[in-house]
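**Q** Here's a structure for you.
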Amino acid sequence: SAVISQKPSRDICQRGTSLTIQCQVDSQVTMMFWYRQQPGQSLTLIATANQGSEATYESGFVIDKFPISRPNLTFSTLTVSNMSPEDSSIYLCSVEGDRAYGYTFGSGTRLTVV
Amino acid sequence: GENVGLHLPTLSVQEGDNSIINCAYSNSASDYFIWYKQESGKGPQFIIDIRSNMDKRQGQRVTVLLNKTVKHLSLQIAATQPGDSAVYFCAETPGYSTLTFGKGTMLLVSP
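So the sequences go chain by chain: Y and P. If you read the first sequence in the working numbering, its first letter stands for residue 2, the second for the next number, and so on. If you read the second sequence in the working numbering, its first letter stands for residue 1484, the second for the next number, and so on.
Here is the structure:
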């Protein structure tokens, strides 16, 4: 299955600032996904990022708040903009796997907004 | 690391017992289901999957059962070990597209 490197692994940020999270995959993949996991909660899909097209956002998430880039088949970024303490979460990158291993996840970025 | 399962239902078992974790899914069109294990400070790790044309699939020490009639999924872990302590999530998808995750269950294994 694909190996995902996600950076940074954690960060503490001031409210009103923005943070860009990077996701690097060791193989080419068509679909990349960004999730949010709020403290003690399950994972919620933010958006699907396909190379060469605009990201598709889920209900409750907007591009102005969570802009996504997908410049090639192995890399994507998620920016959390104008952060507030409510944005404190784990943000996870995921890619479609081959059918033997489902979908693969990165180790996540643990964001605390103060 | 932080406790990802702070507000989740908890299943406590003794080492060596068999564990059963249940999940109700919502989308009757879902045809692919996955169980993930998430340890503190880590991303979800694939355990086992099952497609809708099956009702049971076995892996190493794990078995997944699928009941499409009542939209229910279960994960059975045989001879549970302390290393199995984690949060377990089921996930579903129709047509191998976007995943929807269940609420999760924290499994605590006592030595």
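Where a beta carbon is used, it is the ideal one built from N, C-alpha and C, also for glycine. Quick caveat: nothing in here was measured; it's all calculated off a predicted structure.
Measuring CA to CA, which of Phe-1529/P, Val-1570/P, Leu-1582/P, Trp-1518/P is closest to Leu-1548/P?
**A** Nearest option by C-alpha distance: Trp-1518/P.
**Q** Starting from Ser-1593/P, follow the beta strand (DSSP E) in both directions and report where the run begins and ends.
**A** Segment 1588-1593, the beta strand (DSSP E) holding Ser-1593/P.
**Q** Taking C-beta pairs closer than 8 Å, name the residues in chain Y that Lys-1520/P reaches, listed in chain order.
**A** In chain order: nothing, as chain Y lies at least about 11 Å away.
**Q** CA-CA distance, Val-1570/P and Glu-97/Y?
**A** Those two C-alpha atoms are separated by around 22 Å.
**Q** List the DSSP bridge partners of Met-32/Y.
**A** Answer by DSSP bridge pairing, in chain order: Asn-51/Y.
**Q** According to DSSP, simplified to helix, strand and coil, what is Glu-87/Y?
**A** DSSP places Glu-87/Y in helix when its eight states are reduced to three.
**Q** Would you say Ile-1517/P faces chain Y, with C-beta separation under 7 Å as the test?
**A** With 7 Å as the cut-off, Ile-1517/P counts as an interface residue toward chain Y.
**Q** DSSP on Pro-1565/P, reduced to helix/strand/coil?
**A** Here Pro-1565/P sits in helix by DSSP.
**Q** Please compile the residues from chain A whose C-beta is within a distance smaller than 7 Å of the C-beta of Gly-1587/P.
**A** The displayed structure is made up of protein chains Y and P, and chain A is not among them.
**Q** Where does Tyr-1579/P fall in DSSP's three states?
**A** Three-state DSSP puts Tyr-1579/P in coil, outside helix and strand.
**Q** How do the region 70-82 of chain Y and the region 1500-1512 of chain P stand: do at least 3 beta-carbon pairs fall below 8 Å, yes or no?
**A** Judged by Cβ distances under 8 Å, the region 70-82 of chain Y makes no contact with the region 1500-1512 of chain P, as fewer than three pairs qualify.
**Q** Taking all protein chains shown into account, do 16 or more other C-beta atoms lie within 10 angstroms of the C-beta of Ser-90/Y, making it buried, or fewer, making it exposed?
**A** It is buried - the Cβ of Ser-90/Y has at least 16 other Cβ atoms within 10 Å.
**Q** Using three-state DSSP, classify Thr-1552/P as helix, strand or coil.
**A** Residue state, collapsed to three classes: coil.
**Q** State the start and end residues of the unbroken beta strand (DSSP E) segment that holds Gln-42/Y.
**A** Neither: Gln-42/Y is in no beta strand (DSSP E) and is coded neither H nor E.
**Q** Report, in whole angstroms, the separation of the C-beta atoms of Thr-94/Y and Cys-14/Y, which I expect to be a contact under 8 Å.
**A** Correcting the residue identity first, residue 94/Y is Cys in this sequence and not Thr. 18 Å between Cβ atoms; not a contact.
**Q** Any idea if Asn-1486/P is buried or exposed, counting beta-carbon neighbours within 10 angstroms, 16 or more meaning buried?
**A** Because the pLDDT of Asn-1486/P is 47, which lies under 50, any placement of that residue in the model is unreliable, and the number read from its coordinates should be weighed accordingly. That one is exposed.
**Q** Could you pull out every residue in the same chain whose Cβ sits closer than 7 Å to the Cβ of Ile-1533/P, ignoring the five residues on either side in sequence?
**A** Here the set comprises Phe-1516, Arg-1540, Val-1547, Leu-1549.
**Q** From Val-26/Y, Asp-27/Y, Ser-28/Y, Ala-48/Y, pick the residue whose C-alpha is nearest to that of Phe-34/Y; which is it?
**A** Checking every option, the nearest Cα to that of Phe-34/Y belongs to Ala-48/Y.
**Q** With DSSP as the reference, label Ile-64/Y as helix, strand or coil.
**A** In this structure, Ile-64/Y counts as coil in the three-state DSSP scheme.
**Q** Find the nearest neighbour of Pro-1492/P within the set Ser-60/Y, Gln-39/Y, Ser-43/Y, judged by alpha-carbon distance.
**A** The option with the nearest alpha carbon to Pro-1492/P is Ser-43/Y.
**Q** Could you check the C-alpha separation between Thr-21/Y and Cys-1573/P for me, to the nearest Å?
**A** Straight-line Cα distance between these residues: approximately 29 Å.
**Q** Which of helix, strand or coil does DSSP assign to Lys-8/Y?
**A** Correct three-state label for Lys-8/Y: strand.
**Q** Pick from Thr-105/Y, Arg-111/Y, Leu-112/Y, Thr-110/Y: whose alpha carbon is nearest that of Pro-1527/P?
**A** Residue Thr-105/Y is the option with its Cα nearest to Pro-1527/P.
**Q** Would Leu-93/Y pass as an interface residue toward chain P - the criterion being a Cβ-Cβ separation below 7 Å?
**A** Cβ-Cβ to chain P under 7 Å: yes for Leu-93/Y.
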